[in-house]
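For the sequence shown, counting from 1, position 154 maps to 154 in the UniProt record's numbering; every step adds exactly one. Glycine is no exception: its CB is placed at the ideal position from the N, C-alpha and C atoms.
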Amino acid sequence: MEELLAEEVQHKLCAFQVEQIPGRVFFCCSADMYTVTQLKSAERLFLLLRKAEPISLPKNPAKAAAVIKERVVGAPDIWKQTLLTWTAIQEELQSSQQRGHKRRREEDEEERSTVADESTHTLTSSTHLLQKPSEMDKESHQHTPSFRVSCRCSGVIARSYTAQRLSRTIGMAIKEHLGWKVDLREPVLEVNVYLSDDHCVVGIPLLKHPLASRSYMKHNGLRSTIAWAMTSLCPKQLNDCVILDPMCGVGAVLLEAAQEYSNAVFLGMDTETSQLQKAAENLKASGMEGRVQLLRSSAMEIPLADGAVDVVLCDVPFGRKFSCSSDMPTALPHLLREMERVIRVGGHLVLLLSLQLSAQLKKIICTHKHNQHLNSSDTNNVHTDPSNTCNESTDRPKTLTFHKSSSEASNTPLLISSLQAQRTHKVSLGSTDAYIHTYTKIQHSH
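Take a look at the structure:
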């Protein structure tokens with residue numbers, strides 16, 4: 001997600017000095033904190049304290065501690081200034097939350113006067129939780145905040161030191177050098193350290209909860225950052241469009257799109273009633289009930305006319321958690337043919353596919369020249385030529401061509417020659433990786 005996050009901070013925050021490394025994006029900006037916390041492709045936010053060259057630690061514990069004190073901790077003034085900045089940001093976030101709670105309370109009182117007592121109780125509870133940072137701020141102003149260290153390491157340094165041992169050594173160095181108090185249970189600050197063969201990064205989290213944990217998702221499905229990425233990778237802006245997710249599940253992809261585009265029309269389909277029920281509950285929790293329509297139907301037989309939608313967004317199910325009853329590798333050609341049918345010319349198809357399904361897709365994505373050759377030959381036979389198969393990273397236009405195998409009932413070839421590849425983006429889903437594929441429909445299917 002680094003590339004997408006770098007683009008997002010430049011577009012939404014007018015960020016400068018943007019730099020990315022695996023797993024992290026560094027940037028400077030003057031945007032208010034509320035705007036910063038609305039980033040959609042970031043998992044967590046940190047205040048950067050130090051970014052330096054990688055360090056090499058001697059095996060001798062005393063010498064290693066000296067290196068950490070010099071290279072990881074460094075000058076106390078930097079930590080003091082960072083603490084002041086962190087405290088100011090917490091105050092800004094607290095003020096923003098209080099304004100948000102007040103605004104929501106006023107809306108609730110206007111729209112739901114019958115539950116005014118419950119709304120007041122909720123606000124009181126929220127206000128109580130917001131008082132804790134104030135106490136933290138007071139302690140922070142005394143320049144002796146409590147803290148704990150969370151360290152992640154990889155490469156050469158990980159072969160000699162465990163993350164737990166490094167966390168303890170770094171924590172002792174901070175305590176001795178800065179006079180801060182160690183608190184492993186409820187610290188004011190958490191110091192995050194990342195050590196690898198390429199980087200030494202030290203930062204302080206700005207929020208207790210990940211940005212990717214969307215408050216409007218009552219039932220979790222696809223990770224929200226990936227769902228947002230599918231929307232952002234669409235080649236055109238989606239306002240005033242009709243957008244379909246024919247395998248919507250709990251509605252994660254449609255909800256991310258609806259949060260971004262207020263003037264679009266959204267339609268979600270699924271064969272499972274339980275999934276549609278969860279999607280409906282997510283829509284209600286997010287306030288999107290009137291903007292996203294849900295329909296029980298199969299993606300293999302979409303009940304829409306040809307060219308009825310502008311964009312199809314689809315997370316094709318795979319893996320243990322999000323698998324479906326269909327044999328997806330077998331169903332994929334017909335599934336994509338049906339999606340292509342309902343997209344208008346000039347519209348777009350955005351797919352999230354597993355590595356296995358992406359590999360299958362690559363075998364049937366051919367260059368225009370190869371497609372012409374296939375159309376002029378015996379289309380009842382399956383033909384694949386590795387020398388003519390497009391690699392996903394090529395910039396040349398590609399078209400989708402599907403052929404029915406001899407085991408299928410009909411001898412009529414299933415051909416799609418109307419979709420041109422635009423972009424392929426690899427993303428991590430935690431335990432596995434996947435690809436986001438984007439296509440534009442350039443002509444009517446034949």
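Taking 7 Å as the cut-off, is the CB of residue i close to at least one heavy atom of the ligand NAD?
i: residue 81; result: No copy of the ligand NAD appears in this structure; indeed no ligand is present at all.
With distances taken between CB atoms, is the gap from residue i to residue j smaller than 8 Å?
i: residue 4; j: residue 31; result: no
i: residue 229; j: residue 436; result: yes
i: residue 89; j: residue 39; result: no
i: residue 179; j: residue 225; result: no
i: residue 190; j: residue 152; result: no
i: residue 312; j: residue 246; result: yes
i: residue 448; j: residue 57; result: Any answer about residue 448 is impossible in this case: the structure gives the chain only from 1 up to 446.
i: residue 425; j: residue 233; result: yes
i: residue 438; j: residue 423; result: yes
i: residue 2; j: residue 17; result: no
i: residue 353; j: residue 361; result: yes
i: residue 307; j: residue 337; result: no
Looking at C-alpha atoms only, which residue of the options is the closest neighbour of residue i?
i: residue 223; options: 249, 202, 205, 304; result: 249
i: residue 201; options: 34, 436, 50, 434; result: 50
i: residue 220; options: 207, 208, 235, 252; result: 252
i: residue 464; options: 267, 199, 289, 91; result: The structure shown does not extend to residue 464, since the chain spans only 1 to 446, so no value can be given for it.
i: residue 182; options: 156, 196, 150, 442; result: 150
i: residue 453; options: 33, 269, 54; result: The requested residue 453 does not occur in the structure, where the chain is confined to residues 1 to 446.
i: residue 167; options: 346, 430, 68; result: 68
i: residue 52; options: 98, 361, 196; result: 196
i: residue 44; options: 92, 23, 292; result: 23
i: residue 244; options: 284, 290, 171, 299; result: 299
i: residue 206; options: 36, 429, 10, 443; result: 36
i: residue 162; options: 91, 92, 59, 93; result: 59
i: residue 309; options: 359, 276, 339, 99; result: 339
i: residue 417; options: 434, 293, 427, 444; result: 444
i: residue 258; options: 345, 276, 293; result: 293
i: residue 447; options: 335, 350, 198; result: What the structure shows of the chain is the stretch from 1 to 446, and residue 447 is not part of that stretch, so it cannot be assessed.
i: residue 261; options: 154, 288, 74, 314; result: 288
i: residue 174; options: 335, 99, 65; result: 65
i: residue 420; options: 428, 347, 194; result: 347
What does DSSP give as the partner residue(s) for residue i in the beta ladder?
i: residue 428; result: 433
i: residue 244; result: 267, 312
i: residue 438; result: 350, 423
i: residue 16; result: 28
i: residue 50; result: 202
i: residue 21; result: 24
i: residue 182; result: 147
From what residue to what residue does the beta strand (DSSP E) around residue i run?
i: residue 354; result: 343-354
i: residue 190; result: 189-195
i: residue 212; result: Element bounds for residue 212: n/a, residue is neither H nor E.
i: residue 150; result: 146-153
i: residue 292; result: 292-296
Count the other CB atoms, across all protein chains shown, that sit within 10 Å of the CB of residue i; report buried if there are 16 or more and exposed otherwise.
i: residue 209; result: exposed
i: residue 84; result: exposed
i: residue 204; result: buried
i: residue 400; result: Bear in mind that a pLDDT of 43 at residue 400, under 50, signals an unreliable position, so the number given afterwards is only what the model happens to contain. When all chains shown are included, residue 400 counts as buried.
i: residue 239; result: exposed
i: residue 41; result: buried
i: residue 61; result: exposed
i: residue 432; result: exposed
i: residue 397; result: At residue 397, the pLDDT of 40 sits below 50, so the modelled position is not reliable; the number obtained from the coordinates is stated separately. Counting Cβ neighbours within 10 Å, residue 397 comes out exposed, since fewer than 16 surround it.
i: residue 186; result: exposed
i: residue 214; result: buried
i: residue 270; result: buried
i: residue 447; result: The structure shown does not extend to residue 447, since the chain spans only 1 to 446, so no value can be given for it.
i: residue 323; result: Any reading at residue 323 must be qualified, since the residue scores a pLDDT of 48, below 50, and its modelled position is unreliable; the value itself is stated next. The residue in question, residue 323, is exposed, as its Cβ has fewer than 16 Cβ neighbours within 10 Å.
i: residue 459; result: Here the chain comprises residues numbered 1 to 446, so residue 459 is not present and cannot be evaluated.
i: residue 176; result: exposed
i: residue 434; result: buried
i: residue 329; result: exposed
i: residue 273; result: exposed
i: residue 28; result: exposed
How far does the alpha helix (DSSP H) with residue i in it reach, from first residue to last?
i: residue 170; result: 163-178
i: residue 253; result: 252-260
i: residue 57; result: No alpha helix (DSSP H) holds residue 57; DSSP gives it neither H nor E.
i: residue 284; result: 273-286
i: residue 232; result: 224-232
i: residue 305; result: Per DSSP, residue 305 belongs to no alpha helix (DSSP H) and is neither H nor E.
i: residue 156; result: 156-160
i: residue 36; result: 33-36
i: residue 63; result: 61-68
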